[in-house]
Amino acid sequence: MPIPTTPLTGDPLVAGLLDMCRSKGVKLATAESCTGGMVGCWITEIPGSSDVFDRGFITYSNDAKQEMLGVQAKTLAAHGAVSEEVAAEMALGALAHSAADIAVSITGIAGPGGSDHKPEGRVCFGLAETTGGTTAVTTETVEFGARGRAQVRLAAARHALELIDTALSAR
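Residue numbers (this note's numbering): 13 to 183.
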């Protein structure tokens, strides 16, 4: 499927996520950096999303990550904002500061720019979920490549929705 350039109103992935959340009694939260709230925007484009979408955190700065989500300064210093370690803390923080059962986090380098160590298009994701009183977090890094800021952000937002879809399908 081509990457959309507008919110996914009516997209089967988003509508399906909301239906699965409703049927499983799951609430969602997001913690977004490089996508700037796109995932939350796409979810809330669907009427009735308020019964499953609890809240979204847009934590573009390191200070915001620390203040709103509890990301530790030592994690940021050791690994940088674009890391699976920070993505994990962001997702866990979103879960802890919301009424959600599943929280997804996104932190990356949309571009332009980057470095040899952290190139443009690198995005780290975290997914934290609580099931039966147990909380678990998984992380991954995806290299979307230097395809331009808009396309990296769109691809990252869609990937985050796919991660939620996978987690819901496994419940």
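All C-beta atoms in this analysis are idealised placements derived from N, C-alpha and C, irrespective of residue type, glycine included.
Alpha carbons only, please: which of the options is nearest the one belonging to residue i?
| i | options | result |
| --- | --- | --- |
| residue 134 | 182, 36, 169, 71 | 169 |
| residue 153 | 23, 94, 107 | 94 |
| residue 181 | 76, 158, 32 | 32 |
| residue 150 | 166, 60, 98 | 98 |
| residue 68 | 50, 143, 42, 86 | 42 |
| residue 138 | 89, 158, 171 | 171 |
| residue 39 | 122, 158, 111, 131 | 111 |
| residue 64 | 36, 91, 83 | 36 |
| residue 109 | 27, 142, 89 | 142 |
| residue 130 | 100, 60, 90, 155 | 155 |
| residue 146 | 107, 34, 24, 58 | 107 |
| residue 183 | 89, 87, 82, 34 | 34 |
| residue 53 | 173, 178, 77 | 173 |
| residue 125 | 27, 160, 91, 61 | 160 |
In the DSSP output, what is residue i paired with across the bridge?
| i | result |
| --- | --- |
| residue 96 | In the DSSP output, where bridge partners are listed per residue, residue 96 has none listed. |
| residue 134 | 155 |
| residue 117 | 43, 138 |
| residue 148 | 141 |
| residue 126 | 131 |
Taking the CB atoms as reference points, tell me whether residue i and residue j lie closer together than 9 angstroms.
| i | j | result |
| --- | --- | --- |
| residue 72 | residue 48 | yes |
| residue 136 | residue 118 | yes |
| residue 70 | residue 30 | no |
| residue 165 | residue 50 | yes |
| residue 46 | residue 162 | no |
| residue 132 | residue 158 | yes |
| residue 140 | residue 100 | yes |
| residue 116 | residue 175 | yes |
| residue 28 | residue 177 | yes |
For the beta strand (DSSP E) that contains residue i, what are its first and last residues?
| i | result |
| --- | --- |
| residue 66 | 65-70 |
Counting along the chain, where does the alpha helix (DSSP H) carrying residue i start and finish?
| i | result |
| --- | --- |
| residue 52 | 50-56 |
| residue 165 | 161-182 |
| residue 91 | 85-91 |
| residue 35 | 24-36 |
| residue 76 | 74-81 |
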